[in-house]
(Lines of atoms letter the chains of each structure in order from A and count residues from 1; the text may use other names and numbers.)
(Lines give C-alpha, C1' and ligand atoms only; values in the text may rest on other atoms or scores of the structure.)
Protein backbone atom coordinates (compact mmCIF):
# COMPACT_ATOMS: atom_id res chain seq x y z
CA UNK A 1 0.00 0.00 0.00
CA UNK A 2 3.02 2.21 0.38
CA UNK A 3 3.20 4.92 -2.28
CA UNK A 4 -0.48 4.72 -3.16
CA UNK A 5 -1.05 8.29 -1.89
CA UNK A 6 1.19 11.27 -2.48
CA UNK A 7 0.90 12.30 1.18
CA UNK A 8 -0.79 11.67 4.48
CA UNK A 9 -4.53 12.04 3.91
CA UNK A 10 -5.01 12.84 7.60
CA UNK A 11 -2.44 15.60 7.59
CA UNK A 12 -3.71 19.14 8.30
CA UNK A 13 -7.01 20.23 9.85
CA UNK A 14 -9.21 17.81 7.97
CA UNK A 15 -12.08 18.32 10.39
CA UNK A 16 -12.59 22.00 9.49
CA UNK A 17 -15.79 22.54 7.52
CA UNK A 18 -15.96 25.06 4.76
CA UNK A 19 -18.22 27.94 5.83
CA UNK A 20 -20.66 29.33 3.25
CA UNK A 21 -20.96 33.09 3.58
CA UNK A 22 -24.36 34.64 4.32
CA UNK A 23 -25.45 37.53 2.13
CA UNK A 24 -28.38 39.91 2.56
CA UNK A 25 -30.82 39.52 -0.32
CA UNK A 26 -30.97 43.23 -1.09
CA UNK A 27 -33.15 44.45 -3.98
CA UNK A 28 -31.44 44.08 -7.42
CA UNK A 29 -28.79 41.67 -6.11
CA UNK A 30 -28.14 39.20 -8.99
CA UNK A 31 -27.72 35.55 -7.97
CA UNK A 32 -28.12 32.10 -9.51
CA UNK A 33 -30.10 29.23 -8.08
CA UNK A 34 -27.52 26.46 -7.67
CA UNK A 35 -29.91 23.62 -8.52
CA UNK A 36 -31.85 24.98 -11.51
CA UNK A 37 -29.36 27.48 -12.88
CA UNK A 38 -32.06 30.20 -12.92
CA UNK A 39 -30.31 33.55 -12.72
CA UNK A 40 -32.06 36.74 -11.73
CA UNK A 41 -32.21 39.83 -9.55
CA UNK A 42 -33.86 39.93 -6.16
CA UNK A 43 -37.22 41.70 -6.46
CA UNK A 44 -38.92 40.72 -3.21
CA UNK A 45 -40.06 37.95 -0.89
CA UNK A 46 -43.14 35.73 -0.75
CA UNK A 47 -44.04 33.20 1.93
CA UNK A 48 -40.48 32.97 3.18
CA UNK A 49 -38.96 32.57 -0.29
CA UNK A 50 -36.91 35.03 -2.30
CA UNK A 51 -38.34 36.16 -5.64
CA UNK A 52 -35.87 36.38 -8.53
CA UNK A 53 -36.55 38.02 -11.89
CA UNK A 54 -34.42 37.18 -14.93
CA UNK A 55 -33.57 39.49 -17.81
CA UNK A 56 -36.68 38.39 -19.70
CA UNK A 57 -38.97 39.46 -16.87
CA UNK A 58 -39.74 35.92 -15.71
CA UNK A 59 -40.06 35.47 -11.96
CA UNK A 60 -39.54 32.42 -9.76
CA UNK A 61 -39.59 31.85 -6.02
CA UNK A 62 -36.76 29.99 -4.26
CA UNK A 63 -36.57 28.95 -0.58
CA UNK A 64 -33.77 30.51 1.46
CA UNK A 65 -31.84 27.28 2.00
CA UNK A 66 -28.19 27.10 3.06
CA UNK A 67 -25.71 27.37 0.16
CA UNK A 68 -28.61 27.36 -2.32
CA UNK A 69 -27.37 30.22 -4.50
CA UNK A 70 -24.29 31.28 -6.43
CA UNK A 71 -22.96 34.82 -6.27
CA UNK A 72 -20.17 35.50 -8.77
CA UNK A 73 -19.88 31.71 -9.12
CA UNK A 74 -19.42 31.07 -5.39
CA UNK A 75 -21.98 29.40 -3.08
CA UNK A 76 -23.77 31.73 -0.68
CA UNK A 77 -26.66 31.53 1.74
CA UNK A 78 -29.17 34.28 1.13
CA UNK A 79 -30.94 35.84 4.09
CA UNK A 80 -33.74 38.33 4.26
CA UNK A 81 -32.36 41.76 5.26
CA UNK A 82 -33.33 43.07 8.67
CA UNK A 83 -35.93 45.79 8.42
CA UNK A 84 -34.67 49.25 9.18
CA UNK A 85 -36.42 50.72 12.21
CA UNK A 86 -39.22 53.05 11.22
CA UNK A 87 -38.64 56.46 12.78
CA UNK A 88 -41.40 57.49 15.15
CA UNK A 89 -43.72 60.14 13.79
CA UNK A 90 -43.03 63.54 15.24
CA UNK A 91 -45.55 64.32 17.93
CA UNK A 92 -47.28 67.67 17.68
CA UNK A 93 -48.99 69.83 20.22
CA UNK A 94 -52.60 70.95 19.95
CA UNK A 95 -51.38 74.16 18.30
CA UNK A 96 -49.62 72.19 15.54
CA UNK A 97 -46.11 72.86 16.86
CA UNK A 98 -43.57 70.03 17.07
CA UNK A 99 -43.70 68.70 20.63
CA UNK A 100 -40.51 68.89 22.68
CA UNK A 101 -40.14 65.91 25.01
CA UNK A 102 -38.40 65.83 28.40
CA UNK A 103 -38.39 69.62 28.73
CA UNK A 104 -39.71 71.26 31.87
CA UNK A 105 -41.84 74.37 31.81
CA UNK A 106 -39.75 77.49 32.16
CA UNK A 107 -40.00 79.84 35.09
CA UNK A 108 -42.58 82.47 34.17
CA UNK A 109 -41.20 85.47 32.32
CA UNK A 110 -42.20 89.03 33.09
CA UNK A 111 -44.06 89.26 29.78
CA UNK A 112 -47.74 88.31 29.77
CA UNK A 113 -50.68 87.59 27.48
CA UNK A 114 -54.04 88.96 28.58
CA UNK A 115 -57.38 87.65 27.39
CA UNK A 116 -60.86 89.00 28.10
CA UNK A 117 -62.17 86.27 30.38
CA UNK A 118 -61.89 82.77 31.81
CA UNK A 119 -63.42 81.15 28.73
CA UNK A 120 -60.81 82.77 26.49
CA UNK A 121 -58.07 81.62 28.89
CA UNK A 122 -59.36 78.04 28.94
CA UNK A 123 -59.51 77.87 25.14
CA UNK A 124 -56.00 79.31 24.79
CA UNK A 125 -54.73 76.78 27.34
CA UNK A 126 -56.40 73.91 25.47
CA UNK A 127 -54.63 74.76 22.20
CA UNK A 128 -51.46 76.70 23.05
CA UNK A 129 -50.81 75.61 26.65
CA UNK A 130 -47.84 73.32 25.85
CA UNK A 131 -46.14 76.02 23.77
CA UNK A 132 -46.65 78.73 26.39
CA UNK A 133 -45.30 76.60 29.24
CA UNK A 134 -42.11 75.89 27.31
CA UNK A 135 -41.76 79.61 26.59
CA UNK A 136 -42.53 80.57 30.18
CA UNK A 137 -45.44 82.85 29.24
CA UNK A 138 -48.44 83.18 31.55
CA UNK A 139 -51.95 83.88 30.23
CA UNK A 140 -54.09 86.01 32.53
CA UNK A 141 -57.85 86.58 32.14
CA UNK A 142 -59.28 90.08 32.51
CA UNK A 143 -62.83 90.96 33.47
CA UNK A 144 -63.47 92.67 30.15
CA UNK A 145 -61.38 95.42 28.55
CA UNK A 146 -63.29 98.57 29.52
CA UNK A 147 -60.35 99.74 31.66
CA UNK A 148 -57.63 98.36 29.37
CA UNK A 149 -55.64 101.59 29.09
CA UNK A 150 -55.40 101.94 32.89
CA UNK A 151 -54.56 98.26 33.31
CA UNK A 152 -51.73 98.56 30.78
CA UNK A 153 -50.25 101.59 32.58
CA UNK A 154 -50.42 99.71 35.89
CA UNK A 155 -48.64 96.71 34.32
CA UNK A 156 -45.75 98.93 33.26
CA UNK A 157 -44.66 97.33 29.94
CA UNK A 158 -41.06 97.67 28.81
CA UNK A 159 -38.35 96.01 26.68
CA UNK A 160 -38.14 92.92 28.92
CA UNK A 161 -41.74 93.10 30.05
CA UNK A 162 -43.93 92.85 26.98
CA UNK A 163 -47.67 92.55 26.96
CA UNK A 164 -49.94 90.90 24.40
CA UNK A 165 -53.71 91.38 24.57
CA UNK A 166 -56.32 89.22 22.82
CA UNK A 167 -59.60 91.08 22.26
CA UNK A 168 -62.99 89.72 21.17
CA UNK A 169 -65.00 91.48 18.46
CA UNK A 170 -62.10 93.63 17.33
CA UNK A 171 -63.61 95.11 14.17
CA UNK A 172 -63.59 98.69 12.80
CA UNK A 173 -66.10 100.95 14.50
CA UNK A 174 -66.76 98.64 17.47
CA UNK A 175 -66.52 99.70 21.11
CA UNK A 176 -63.54 97.35 21.42
CA UNK A 177 -61.66 99.08 18.61
CA UNK A 178 -62.09 102.48 20.30
CA UNK A 179 -60.78 101.13 23.60
CA UNK A 180 -57.78 99.52 21.92
CA UNK A 181 -56.91 102.75 20.10
CA UNK A 182 -55.98 104.35 23.45
CA UNK A 183 -53.09 101.89 23.97
CA UNK A 184 -49.94 103.23 22.33
CA UNK A 185 -46.96 101.58 24.07
CA UNK A 186 -44.47 99.98 21.64
CA UNK A 187 -44.10 97.16 24.17
CA UNK A 188 -47.78 96.21 23.91
CA UNK A 189 -49.47 94.38 21.05
CA UNK A 190 -53.26 94.31 21.01
CA UNK A 191 -54.88 92.08 18.45
CA UNK A 192 -57.98 89.94 18.26
CA UNK A 193 -60.67 88.25 16.24
CA UNK A 194 -63.96 89.47 14.72
CA UNK A 195 -66.28 87.15 16.69
CA UNK A 196 -68.75 88.49 19.26
CA UNK A 197 -67.42 86.04 21.84
CA UNK A 198 -64.62 83.48 21.91
CA UNK A 199 -67.30 80.78 21.76
CA UNK A 200 -67.96 81.82 18.18
CA UNK A 201 -64.29 81.30 17.29
CA UNK A 202 -64.90 77.55 17.61
CA UNK A 203 -65.92 76.04 14.29
CA UNK A 204 -69.59 75.02 14.17
CA UNK A 205 -68.59 71.68 12.62
CA UNK A 206 -66.64 70.82 15.78
CA UNK A 207 -69.91 71.10 17.72
CA UNK A 208 -71.99 69.23 15.17
CA UNK A 209 -74.03 72.26 14.12
CA UNK A 210 -74.32 73.89 10.70
CA UNK A 211 -73.72 77.43 11.97
CA UNK A 212 -73.81 79.53 15.10
CA UNK A 213 -77.34 80.83 15.82
CA UNK A 214 -78.11 84.43 14.88
CA UNK A 215 -78.98 86.33 18.07
CA UNK A 216 -81.22 89.42 17.69
CA UNK A 217 -79.62 92.77 18.67
CA UNK A 218 -80.24 93.74 22.28
CA UNK A 219 -80.28 90.19 23.62
CA UNK A 220 -77.21 88.86 25.48
CA UNK A 221 -75.39 86.75 22.93
CA UNK A 222 -74.58 83.73 25.07
CA UNK A 223 -78.09 83.46 26.45
CA UNK A 224 -79.48 83.74 22.92
CA UNK A 225 -77.20 80.95 21.70
CA UNK A 226 -78.22 78.69 24.57
CA UNK A 227 -81.90 79.30 23.91
CA UNK A 228 -81.52 78.56 20.21
CA UNK A 229 -79.62 75.33 20.87
CA UNK A 230 -81.83 74.16 23.73
CA UNK A 231 -79.20 74.41 26.48
CA UNK A 232 -80.33 75.56 29.90
CA UNK A 233 -77.24 77.34 31.20
CA UNK A 234 -74.27 79.08 29.56
CA UNK A 235 -71.95 77.12 31.88
CA UNK A 236 -73.29 73.86 30.43
CA UNK A 237 -72.87 75.16 26.90
CA UNK A 238 -69.29 76.22 27.57
CA UNK A 239 -68.35 72.83 28.99
CA UNK A 240 -69.72 71.22 25.84
CA UNK A 241 -67.83 73.65 23.57
CA UNK A 242 -64.50 73.15 25.33
CA UNK A 243 -64.89 69.37 25.31
CA UNK A 244 -65.12 69.40 21.51
CA UNK A 245 -61.89 71.34 20.96
CA UNK A 246 -58.83 69.11 20.55
CA UNK A 247 -56.51 71.24 18.44
CA UNK A 248 -56.11 74.36 16.32
CA UNK A 249 -58.10 72.61 13.59
CA UNK A 250 -61.27 73.11 15.66
CA UNK A 251 -61.07 76.92 15.78
CA UNK A 252 -61.31 79.64 13.16
CA UNK A 253 -58.24 81.06 11.42
CA UNK A 254 -58.53 84.63 12.77
CA UNK A 255 -58.13 83.35 16.34
CA UNK A 256 -55.14 81.22 15.34
CA UNK A 257 -53.45 84.12 13.58
CA UNK A 258 -54.06 86.47 16.51
CA UNK A 259 -52.63 84.08 19.09
CA UNK A 260 -49.58 83.22 17.00
CA UNK A 261 -48.81 86.96 16.62
CA UNK A 262 -49.12 87.50 20.37
CA UNK A 263 -46.88 84.54 21.23
CA UNK A 264 -44.23 85.71 18.76
CA UNK A 265 -44.42 89.24 20.17
CA UNK A 266 -44.02 88.39 23.86
CA UNK A 267 -41.28 85.80 23.21
CA UNK A 268 -39.22 87.92 20.83
CA UNK A 269 -35.65 88.41 22.16
CA UNK A 270 -34.94 91.75 23.74
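In my numbering, the protein residues as written are 84 to 353. A virtual CB, placed ideally from N, CA and C, is assigned to each residue, including glycine.
For a quick check, are the C-beta atoms of residue i and residue j less than 8 Å apart?
i, j, result
"residue 344", "residue 274", "yes"
"residue 70", "residue 113", "Outside the shown range of the chain (84 to 353) lies residue 70, about which nothing can therefore be said."
"residue 208", "residue 228", "no"
"residue 289", "residue 263", "no"
"residue 64", "residue 146", "With the chain covering only 84 through 353, there is no way to say anything about residue 64."
"residue 296", "residue 305", "no"
"residue 142", "residue 125", "no"
Do you know how far the Cα of residue j is from the Cα of residue i?
i, j, result
"residue 176", "residue 119", "58 Å"
"residue 211", "residue 315", "30 Å"
"residue 166", "residue 108", "12 Å"
"residue 350", "residue 249", "15 Å"
"residue 334", "residue 303", "22 Å"
"residue 84", "residue 117", "Any reading at residue 84 needs caution, since the residue's pLDDT is 48, under 50, leaving its predicted position unreliable; the model's value is listed next. Distance between the alpha carbons of residue 84 and residue 117 is about 39 Å."
"residue 298", "residue 352", "44 Å"
"residue 308", "residue 245", "36 Å"
"residue 138", "residue 152", "17 Å"
"residue 32", "residue 155", "Outside the modelled stretch of the chain, which goes from 84 to 353, sits residue 32, for which no answer is possible."
"residue 336", "residue 330", "12 Å"
"residue 215", "residue 192", "11 Å"
"residue 300", "residue 280", "14 Å"
In the DSSP assignment, find the beta strand (DSSP E) that holds residue i and state where it starts and stops.
i, result
"residue 197", "195-198"
"residue 332", "No beta strand (DSSP E) holds residue 332; DSSP gives it neither H nor E."
"residue 129", "122-129"
"residue 133", "132-136"
"residue 114", "113-116"
Along the alpha helix (DSSP H) that carries residue i, what are the first and last residues, could you check?
i, result
"residue 336", "336-350"
"residue 287", "287-290"
"residue 325", "317-326"
"residue 312", "304-312"
_Does the structure place the region 263-271 close enough to the region 228-243 that three or more beta carbon pairs sit under 8 Å?_
Counting Cβ pairs under 8 Å, three or more are found: they touch.
*Note down, one range per segment and in chain order, each alpha helix (DSSP H) of at least 4 residues found wholly within the region 203-245.*
Counting only unbroken stretches of 4 or more residues, the alpha helix (DSSP H) elements lying wholly within the region 203-245 are 231-238, in sequence order.
*For the region 332-352 and the region 227-236, state whether three or more C-beta atom pairs, one from each stretch, are separated by less than 8 Å.*
The region 332-352 vs the region 227-236: no contact.
*Are at least three pairs of beta-carbons, each pair with one atom in the region 284-293 and one in the region 253-264, less than 8 Å apart?*
As far as the Cβ criterion goes, the region 284-293 does not touch the region 253-264, which means the pair count is below three.
_Quick check on the DSSP output: what are the complete beta strand (DSSP E) runs of length 3 or more inside the region 250-303, in order along the chain?_
Fully enclosed beta strand (DSSP E) runs of 3 or longer: 271-275.
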